[in-house]
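Q: Okay, handing you the structure first.
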């Protein structure tokens, strides 16, 4: 059994309409809980530019209210920096550094708080814009974690052969056993080099590298054992923008992904949703 967690902000309303109900179906037999951590602060940096003009927190809560009614295991937690930032960030990054978001606007505090909110030891933390096909990767991931062979496990990526790909960390979907992973904490809170740090300071932006980059640096240094599984056991697909999730036929895509039925052109393009491939596949 696993705790499934994610973090969302005001631009994620349309995507969670599709992804979270799909997770409840795909992972149903595995789930003890689905935790949604809500960051009410407006997006910044790259995230704000990507979704300019669409940050409406009331729309997000409207979608969450519908999803909460689907399953009693859904639990919404509003991120409270004054209550949790100090203790959570001290645990994850040590006594001095308090990274809330990275220099590009991607979440750090919300990301790790999603892990902290889980009640069970086995936690799958996924970005809220991911769809999944599960054909055995969860069994394999739990087996590897239970034998303490790895610290972090990622499901397969659409279109990528793990025997040939670079095993870099992708934080969009990560499974961990908190009992063993917490022995690795605290992690370093890496910053940009000095030149770029000054540039971000002039723009009023923080100096921190993303959490994904932190994990990758720790993997390269040999302090984190990381593995991406074979996509034959299932995989994750990324919905890059809310505009893609708003396509009138997008709801018809979701069942195909859940069954592992992808158009060849999507597989060829990799893990990011390819609208043209799907439109031809669905509409002929």
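Numbering (our numbering), first residue to last: 14 to 297. We treat Cβ as the ideally placed atom computed from N, Cα and C, and that holds for glycine.
Ignoring anything shorter than 3 residues or poking outside the stretch 172–241, list the beta strand (DSSP E) runs there in chain order.
A: As far as the stretch 172–241 is concerned, its whole beta strand (DSSP E) runs of at least 3 residues are 186–190, 239–241.
Q: Select from 128, 127, 194, 187 the residue whose C-alpha is nearest the C-alpha of residue 160.
A: Checking every option, the nearest Cα to that of residue 160 belongs to 194.
Q: Can you tell me whether residue 249 is helix, strand or coil according to DSSP?
A: Strand at residue 249.
Q: Find out if the Cβ-Cβ distance for the pair residue 247, residue 149 is shorter than 8 Å.
A: A contact, by the Cβ cut-off of 8 Å.
Q: Of all the alpha helix (DSSP H) runs that stay within the bounds of the stretch 113–172, which reach a length of 4 or more residues?
A: Complete alpha helix (DSSP H) runs here, min 4: 122–129, 150–159.
Q: Compare the beta carbon distance of residue 259 and residue 228 with 8 Å and say whether it is the shorter of the two.
A: No, these two residues do not count as a Cβ contact at 8 Å.
Q: Could you pull out every residue in the same chain whose Cβ sits closer than 6 Å to the Cβ of residue 249, ignoring the five residues on either side in sequence?
A: Contacts found: 143, 145, 168, 186.
Q: Within a Cβ cutoff of 8 Å, which residues of the same chain sit near residue 271, ignoring the five residues on either side of it in sequence?
A: The residues are 35, 38, 39, 144, 145, 146.
Q: How do the stretch 72–82 and the stretch 110–118 stand: do at least 3 beta-carbon pairs fall below 8 Å, yes or no?
A: With a cut-off of 8 Å, the stretch 110–118 and the stretch 72–82 do not count as touching, because too few Cβ pairs lie within range.
Q: Three-state secondary structure (DSSP) at residue 274?
A: DSSP places residue 274 in coil when its eight states are reduced to three.
Q: Would residue 210 pass as an interface residue toward chain B - the criterion being a Cβ-Cβ separation below 8 Å?
A: The chain labelled as chain B is not found in the depicted structure, where only one protein chain is given.
Q: Less than 8 Å between the C-beta atoms of residue 157 and residue 43, yes or no?
A: Their beta carbons are not under 8 Å apart, which means residue 157 does not touch residue 43 by this criterion.
Q: Alpha carbon to alpha carbon, what distance is there between residue 297 and residue 205?
A: Between residue 205 and residue 297, the C-alpha separation is close to 47 Å.
Q: Among 25, 174, 170, 192, whose alpha-carbon lies nearest the alpha-carbon of residue 164?
A: Closest by alpha carbon: 192.
Q: Under DSSP, the alpha helix (DSSP H) around residue 19 begins and ends at which residues?
A: Element bounds for residue 19: not the alpha helix (DSSP H) but the beta strand (DSSP E), 15–21.
Q: Could you say if the stretch 232–245 and the stretch 128–135 meet the contact criterion of at least three C-beta pairs nearer than 8 Å?
A: As far as the Cβ criterion goes, the stretch 232–245 does not touch the stretch 128–135, which means the pair count is below three.
Q: Taking just the CA atoms, how far does residue 83 sit from residue 136?
A: One C-alpha to the other measures close to 21 Å.
Q: Nearest to residue 140 by alpha carbon, out of 253, 106, 244, 88?
A: If we check each option's Cα against that of residue 140, 253 comes out closest.
Q: In chain order, what are the residue ranges of uninterrupted beta strand (DSSP E) at least 3 long that sit wholly in the stretch 30–88?
A: The stretch 30–88 contains these whole beta strand (DSSP E) runs: 44–51.
Q: Whose CA, out of 292, 224, 213, lies closest to the CA of residue 264?
A: It is 292 whose Cα lies nearest to the Cα of residue 264.
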